[in-house]
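*Asks:*
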Amino acid sequence: MISVVGGVYEERCKYPAWNQIYGSGLRAAIAVSSVSDTVSLHAYVPEEWTKDVELTLASFGVNGDLHASKHPMSFEYLHSFVRVDPPEQQPSLYPALSVESDVVLRFGMMESDARVKGDRVVYDPQAPDASYYCNGSNAGSLAMIVSGWELPGTRAELLKRRSEDRQESLMPNEDTLLKAIINLRDLPHPPQIVLVKDGLGGLIVFQGDQPVSVPSYAAESFFRIGAGDVTAAAFAHAWGELNLDPVDAAHYAARCTAYFVEGPRLPLPSVAGVSDRKPNTIRRERIRIVGLGDFELDALAHTTQGWLSYLGGDVSYVKFGLEGLASNGQDDIDLLLVGSRCSMKEFEAAARADLQPTVIFWPSAEAFAAQFYFPDAVVASDYATALYHVMRSSKQ
Amino acid sequence: MAGYAPDQIKKIKGGIAPPTIVGDGSALAFQTDLVGVQSNISEGLNKDDELTVSILTQGKIRSAVCETADGAVVGTLAAFLGLSRLIGDLERGIGYVAVVEFASFSRCSVKVFRR
Numbered sequence: 001m002i003s004v005v006g007g008v009y010e011e012r013c014k015y016p017a018w019n020q021i022y023g024s025g026l027r028a029a030i031a032v033s034s035v036s037d038t039v040s041l042h043a044y045v046p047e048e049w050t051k052d053v054e055l056t057l058a059s060f061g062v063n064g065d066l067h068a069s070k071h072p073m074s075f076e077y078l079h080s081f082v083r084v085d086p087p088e089q090q091p092s093l094y095p096a097l098s099v100e101s102d103v104v105l106r107f108g109m110m111e112s113d114a115r116v117k118g119d120r121v122v123y124d125p126q127a128p129d130a131s132y133y134c135n136g137s138n139a140g141s142l143a144m145i146v147s148g149w150e151l152p153g154t155r156a157e158l159l160k161r162r163s164e165d166r167q168e169s170l171m172p173n174e175d176t177l178l179k180a181i182i183n184l185r186d187l188p189h190p191p192q193i194v195l196v197k198d199g200l201g202g203l204i205v206f207q208g209d210q211p212v213s214v215p216s217y218a219a220e221s222f223f224r225i226g227a228g229d230v231t232a233a234a235f236a237h238a239w240g241e242l243n244l245d246p247v248d249a250a251h252y253a254a255r256c257t258a259y260f261v262e263g264p265r266l267p268l269p270s271v272a273g274v275s276d277r278k279p280n281t282i283r284r285e286r287i288r289i290v291g292l293g294d295f296e297l298d299a300l301a302h303t304t305q306g307w308l309s310y311l312g313g314d315v316s317y318v319k320f321g322l323e324g325l326a327s328n329g330q331d332d333i334d335l336l337l338v339g340s341r342c343s344m345k346e347f348e349a350a351a352r353a354d355l356q357p358t359v360i361f362w363p364s365a366e367a368f369a370a371q372f373y374f375p376d377a378v379v380a381s382d383y384a385t386a387l388y389h390v391m392r393s394s395k396q
Numbered sequence: 001m002a003g004y005a006p007d008q009i010k011k012i013k014g015g016i017a018p019p020t021i022v023g024d025g026s027a028l029a030f031q032t033d034l035v036g037v038q039s040n041i042s043e044g045l046n047k048d049d050e051l052t053v054s055i056l057t058q059g060k061i062r063s064a065v066c067e068t069a070d071g072a073v074v075g076t077l078a079a080f081l082g083l084s085r086l087i088g089d090l091e092r093g094i095g096y097v098a099v100v101e102f103a104s105f106s107r108c109s110v111k112v113f114r115r
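From first to last, the protein sequence lines are chains A and B. All residue numbers in the first sequence are consecutive under our numbering, ending with 396. All residue numbers in the second sequence are consecutive under our numbering, ending with 115.
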């Protein structure tokens with residue numbers, strides 16, 4: 001049995017089109033409904049959504065401990081890397097939820113807090129510098145799952161980087177990360193396990209003295225919204241309910257994340273159901289980008305450079321248009337960005353220039369034609385999927 | 001990460017339209033992704049294929065599902081605003097169809113409207 005406590009929010013995305021009710025709590029509860037014998041969701045739900053959420057839970061056999069709220073919250077995305085304005089903060093927090101169970105998955109929430117007691121607890125604070133115990137929560141064993149900059153003590157370094165106008169990055173550097181882990185261990189009640197998400201579905205597991213890297217696993221496409229929720233849910237099931245070793249549980253969580261991002265796909269398969277999934281190798285080679293299209297593509301090419309650096313990639317050049325590329329003929333490039341209004345004639349010119357792109361991003365109904373001209377390339381009409389494939393090693 | 005996007009693109013509102021009441025005011029129309037997609041069924045679907053929306057009961061679990069003409073379940077309609085209205089309509093005998101907008105082995109997006 002597993003109890004999940006977390007938010008239920010509306011999620012809207014423009015590219016790809018997406019308009020659903022999830023939030024971390026509801027997503028995680030549905031995720032483990034297929035692999036856990038009993039799942040309960042403890043959450044605040046806006047009154048006008050209650051029936052829809054109850055019927056959603058009933059569709060997957062999940063028990064609901066739902067508390068009425070008056071503030072629907074919506075997360076808006078342009079695409080799954082860019083969240084637009086966050087939901088409006090409500091004037092005051094609702095009373096903390098109280099949850100007691102053998103295995104608990106606790107998410108940070110925008111509208112409230114949760115006081116948790118459990119034998120094995122997984123805590124995903126979803127905010128920097130959060131403390132599990134400060135509200136009276138208790139755990140026999142605690143695993144924290146965070147992104148790098150959520151670790152206590154990393155905030156100062158992040159603000160320093162921003163003040164110096166340095167490139168944003170998903171992960172702190174190794175020194176900052178290790179210092180943060182040491183600080184966490186020096187707390188009066190440290191978590192027994194810390195998992196740091198790498199943003200592409202992989203994890204670093206800190207348990208003993210040596211961190212263990214768990215790779216991301218291969219997925220054909222990359223739907224990023226809620227991927228971290230699924231990682232936490234899968235780990236909570238495997239470590240909390242199945243008593244797997246933390247590293248083995250993290251491998252299962254990473255495999256489940258790959259399974260999820262291909263859709264998004266819920267609920268999750270069993271340990272055996274994802275055991276044949278192959279690990280990714282994260283790209284270490286420098287990345288070359290070419291943009292093909294109008295002014296907007298030029299801007300996108302440079303924005304893409306920023307996103308790939310954010311994901312840990314090293315971009316060696318960004319070029320716009322075919323001029324200069326056609327002359328040497330054999331320029332291997334990693335990402336060809338094609339404008340949605342780019343004509344087939346322009347695209348054919350790119351093929352004649354003998355480019356050998358690894359990945360093509362073309363948000364057009366004609367994207368299927370790209371495969372004809374570039375049979376060895378991954379063709380994606382989804383931006384996050386294109387970036388994901390660029391970040392995978394070219395040596396696979 | 002929310003603060004990373006340039007200001008000029010932060011104001012864009014995203015997402016497909018929420019469920020709307022259409023026709024004589026008594027029926028829903030909406031687009032949604034199915035949950036629990038059956039890969040082997042979904043990968044055989046094409047855009048504009050028509051699916052039947054029905055209620056499936058398996059033990060204690062009762063859900064609204066999309067089925068092919070052969071009766072194969074493609075996936076579950078869940079996690080969207082309007083689900084209770086849809087199930088209520090189905091229980092009253094109001095028929096709905098789902099037209100495939102996009103389908104692959106891992107994802108099935110449908111437009112649902114009154115038959």
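For glycine and all other residues, C-beta sits at the position ideal for the given N, C-alpha and C.
Thinking C-alpha only, which one of M171/A, V271/A and E76/A is nearest S309/A?
*Replies:* Ranking the options by Cα distance to S309/A, first place goes to M171/A.
*Asks:* Can you have a look at Y317/A and say buried or exposed, based on whether 16 or more other CB atoms are within 10 angstroms of its CB?
*Replies:* Y317/A is exposed by the Cβ-count criterion.
*Asks:* When you check each C-beta in the region 260-291 of chain A against every C-beta of chain B, which residues fall closer than 8 Å?
*Replies:* So the list reads E262, G263, P264, R265, L266 and P267, given in the order they occur along the chain.
*Asks:* If you measure beta-carbon to beta-carbon, which residues of the region 40-59 of chain B are closer than 7 Å to chain A?
*Replies:* Of all residues in the region 40-59 of chain B, none has a Cβ within less than 7 Å of some Cβ in chain A.
*Asks:* V419/A to V205/A, Cα distance in whole Å?
*Replies:* In this structure chain A extends from 1 to 396, so residue 419/A is not present and cannot be described.
*Asks:* Just the chain B side, please: which residues come within less than 8 Å of I21/A by C-beta, in chain order?
*Replies:* What I21/A touches in chain B: A79, F80 and L81.
*Asks:* Are three or more beta carbon pairs between the region 256-272 of chain A and the region 139-153 of chain A nearer than 8 Å?
*Replies:* Contact fails: fewer than three Cβ-Cβ distances are below 8 Å.
*Asks:* Give me the Cα-Cα distance between L311/A and I55/B, rounded to the nearest whole angstrom.
*Replies:* Roughly 43 Å between the two C-alpha positions.
*Asks:* Report yes or no: do three or more beta-carbon pairs, one from the region 70-83 of chain A and one from the region 192-200 of chain A, lie closer than 8 Å?
*Replies:* With the cut-off at 8 Å, the region 70-83 of chain A and the region 192-200 of chain A do not touch.
*Asks:* Mind reading off the beta-carbon distance from P357/A to D334/A? Whole number of angstroms is fine, and I expect it under 8 Å.
*Replies:* That belief holds up - the Cβ atoms of P357/A and D334/A are roughly 7 Å apart, short of 8 Å.
*Asks:* If the criterion is Cβ atoms closer than 7 Å, does the pair S364/A and S340/A meet it?
*Replies:* Yes, these two residues count as a Cβ contact at 7 Å.
*Asks:* Within a Cβ cutoff of 7 Å, which residues of the same chain sit near A79/B, ignoring the five residues on either side of it in sequence?
*Replies:* Closer than 7 Å at Cβ, skipping near neighbours: V35.
*Asks:* Could you please give me the residues that DSSP links to W239/A through a beta bridge?
*Replies:* The partner list for W239/A (beta bridge, DSSP) is empty, contrary to what the question assumes.
*Asks:* Could you tell me which of L387/A, Q126/A and L41/A sits nearest to S98/A, measuring between CA atoms?
*Replies:* Residue L41/A is the option with its Cα nearest to S98/A.
*Asks:* What does W362/A reach in chain B if we use C-beta pairs closer than 8 Å?
*Replies:* Under the 8 Å cutoff, chain B gives no residues; its nearest Cβ is about 16 Å from W362/A.
*Asks:* Quick one: using the 10 Å Cβ neighbour count with 16 as the cut-off for buried, is M109/A buried or exposed?
*Replies:* Looking at its Cβ environment, which holds 16 or more other Cβ atoms inside 10 Å, M109/A is buried.
*Asks:* Alpha carbon to alpha carbon, how far is A139/A from G118/A? Give it in angstroms, no decimals.
*Replies:* Cα to Cα, G118/A sits roughly 5 Å from A139/A.
*Asks:* Tell me which same chain residues have a C-beta within less than 6 Å of the C-beta of V378/A, skipping the five on either side of it?
*Replies:* Hits under 6 Å: V359 and H389.
*Asks:* Can you tell which of H237/A, P215/A, V338/A and G226/A has the C-alpha that lies nearest to the C-alpha of K278/A?
*Replies:* Residue P215/A is the option with its Cα nearest to K278/A.
*Asks:* On the CB-based measure, 16 or more other CB atoms within 10 Å of its CB, does E174/A come out buried or exposed?
*Replies:* With fewer than 16 Cβ atoms within 10 Å of its Cβ, E174/A is classed as exposed.
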